[in-house]
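Engineer: Following my numbering from start to finish, the sequence shown increments by one per residue and tops out at 288.
The beta-carbon is built from N, C-alpha and C at its ideal position, and this holds for glycine as well.
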Amino acid sequence: MPKVSSLIVPYASYLRVYEPLAAFPEPERGHWYRYARRPERPSYQDELRRSLADLLPVPPMAVPVQESGDAFVAEVDGVLCVCPWRTRLRGWEALGDLAEELPALVLDAALPELVRRQATQDYERWLTRNPDARPWIRTSTWQVPLHWFVLVSDEEREYDKGAGSGGGSRAEKDAPVLRYRTPMVQARRRVARALRTLRDTLDEGPLIDGLVDVGRWLEEFHPRSLVELDYGGLVHVLPAGELDGDHSAADVAEGIEALRTGDGPGAGEAYGRLVERWRSVRDRRSAN
C-alpha cells in the first residue's frame, strides 16, 4: 500500500513483542519469512497515516476492512523475530476505550454511533471465531505508562539523537529514537519481582493492576521473544534535552528497590522525578 503522506504523526508510544518465526504456524511463518527479506518495509508512521486517512471518508472507516499483513522485524542472536501489526484487531480493541478518552460530541463527530456499533458487532462475530487472539503491540497516547518501565532496565536504554529535522520521509529516518529492548525472560522476571514488592508495600491500585495485566499479556508469547518499549512519536514533541535526561526506567527501578528496603523517602524522591517528568508531557497534551 502506498504511503498516505509524509506527515509525521506524534503522541503515541508502544510496547511490542517480537516473536521468533518458530512461534508462528504455517502458512503464516512462510509469509513472515518472505516479508522480512523485503528491501523496504513500512514504519509505524505509515500505519498511523493509514488509520487517519480511513477517518476521512463519509462515513468514516472505524477499523480496516482487512487485517494488516505488515510487521516489524528484528534479529535476536541470529534468530529472525517479527512483531505483526494486527492493525484491525488493535483498532477494534481501541474502540472500547474511546468513550473514556473523548467527550461524547467529539466522539460522535469523529466516529458516528452507527459506525461504532457496526464495528463492535463485527468484532464480536470475529472474536467468536478467534477466541485466543491477542495483539503483539500495545499503544499509549501522550505518555509511557509507568508500569511499562518495570519490564526494562536503564542499561537497555537506546537513545539516538538523530540527524536533525527536514521534510518528508527523510525527517522520519533522521528523527530521534528512544527505546528499550529486553529478552522476554527478563521482562517476565522483573514483573514478578516488582509485583511481590508492590503487593507487600502498597495497597491495590493502578500500578499493580497495570503490572498484573501486562504480565498476563507477556505470558501469551514465546519465551525467546524480544520485548521493546518505544517512545515512538513522543520523540517529536519532547525537546532533545528532556529526551537525553529521561531515565524513567532507572527511576522506576530505584523507587521499587526503595520500597523493598523500607526506604520511604527514597521511593518518594524517585516517584517525584517521574511525576514531574511526565506531567510536562501531559501539559503539552492539554495545550493541543
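For Asp263, which three-state DSSP category applies?
Structural biologist: Reduced to three states, the DSSP call for Asp263 is coil.
Engineer: Using the rule of at least 16 other Cβ atoms within 10 Å of the residue's Cβ for burial, across every protein chain shown, is Gln45 buried or exposed?
Structural biologist: buried
Engineer: Could you check if Tyr123 is buried or exposed, using at least 16 other CB atoms within 10 Å of its CB as the buried criterion?
Structural biologist: So Tyr123 ends up on the buried side.
Engineer: Ordered along the chain, which non-local residues of its own chain (more than five positions away) have a Cβ less than 8 Å from that of Tyr33?
Structural biologist: So the qualifying residues of the chain are Leu21 and Leu80.
Engineer: With DSSP as the reference, please indicate the residues paired to Glu19 in a beta bridge.
Structural biologist: Val82
Engineer: Could you give the uninterrupted runs of the beta strand (DSSP E) lying entirely in the region 171–253, keeping only those of 3 residues or more?
Structural biologist: 177–183 and 226–230
Engineer: Determine the closest residue to Val144 out of Glu204, Leu243 and Leu56, with distance taken between C-alpha atoms.
Structural biologist: Looking from the CA of Val144, the closest CA among Glu204, Leu243 and Leu56 belongs to Leu243.
Engineer: For Val237 versus Tyr11, is the C-beta distance shorter than 9 Å?
Structural biologist: yes
Engineer: Could you check whether the region 145–155 touches the region 93–106, counting it as contact only if at least three pairs of C-beta atoms, one from each stretch, sit closer than 8 Å?
Structural biologist: no
Engineer: Would Tyr35 pass as a contact of Val65 if the rule is Cβ separation under 9 Å?
Structural biologist: Between Tyr35 and Val65, the CB-CB gap reaches or exceeds 9 Å.
Engineer: DSSP puts Thr141 in a beta bridge; with which residues?
Structural biologist: As computed with DSSP, Thr141 is found in a beta bridge with Ala12.
Engineer: So what's Ser165 in DSSP terms, helix, strand or just coil?
Structural biologist: Residue confidence for Ser165 is low, a pLDDT of 41 falling below 50, so the modelled location carries little weight; the figure read from the coordinates is stated next. Here Ser165 sits in coil by DSSP.
Engineer: Does the separation of the CB atoms of Glu98 and Trp278 fall below 9 Å?
Structural biologist: Note on residue identity: the sequence assigns Leu, not Glu, to residue 98. Result no, Cβ atoms of Leu98 and Trp278 do not sit closer than 9 Å.
Engineer: When burial is assigned at 16 or more other CB atoms within 10 Å of the CB, is Leu207 buried or exposed?
Structural biologist: Classification of Leu207: buried, given that the 10 Å Cβ count is 16 or more.
Engineer: For the beta strand (DSSP E) holding Ala36, just list the boundary residues, first then last.
Structural biologist: If you look at Ala36, you'll find it isn't in any beta strand (DSSP E); it sits in the alpha helix (DSSP H) that goes Glu28 to Ala36.
Engineer: The alpha helix (DSSP H) with Ala133 in it runs from where to where?
Structural biologist: Counting along the chain, Ala133 sits inside no alpha helix (DSSP H), nor does DSSP assign it H or E at all.
Engineer: Can you tell me where the alpha helix (DSSP H) with Asp54 in it begins and where it stops?
Structural biologist: Note, Asp54: alpha helix (DSSP H), Tyr44 to Asp54.
Engineer: By Cβ distance, which residues of its chain are closer than 7 Å to Ala71, with the 5 residues on each side in sequence left out?
Structural biologist: Here the set comprises Trp32, Tyr35, Val82, Cys83, Pro84 and Trp85.
Engineer: Who are the near neighbours of Ile256 in its chain, counting only those whose CB is closer than 6 Å to its CB and skipping five residues on each side?
Structural biologist: Ala194 and Thr197
Engineer: Using only CA atoms, which one of Gly266, Glu228, Gly245 and Gly262 lies nearest to Glu254?
Structural biologist: Gly266
Engineer: At what residue ranges does the region 92–117 contain a whole run of the alpha helix (DSSP H), taking only runs of 4 or more?
Structural biologist: 104–110
Engineer: Taking the straight line between their C-alpha atoms, what separation do you get for Val281 and Val235?
Structural biologist: 11 Å
Engineer: In the DSSP assignment, find the beta strand (DSSP E) that holds Val76 and state where it starts and stops.
Structural biologist: Ala71 to Val76
Engineer: What three-state label does DSSP hand Arg41 in the structure shown?
Structural biologist: coil
Engineer: Give me, in chain order, the residues of the same chain whose beta-carbon lies closer than 7 Å to that of Glu336; leave out the 5 immediate sequence neighbours on both sides.
Structural biologist: No statement about residue 336 is possible, as the shown extent of the chain runs from 1 to 288 and does not include it.
Engineer: Among the residues of its own chain, which have a CB less than 6 Å from the CB of Val76, if the five just before and after it don't count?
Structural biologist: Leu226
Engineer: Quick one: what's got a C-beta closer than 6 Å to Gly245's C-beta in the same chain, skipping five residues either side?
Structural biologist: none
Engineer: Which two residues bound the contiguous beta strand (DSSP E) that contains Glu158?
Structural biologist: In the DSSP annotation of this structure, the continuous segment of the beta strand (DSSP E) that includes Glu158 starts and ends at Arg157 to Asp160.
Engineer: If we call anything under 9 Å between Cβ atoms a contact, is Arg260 one with Leu218?
Structural biologist: no
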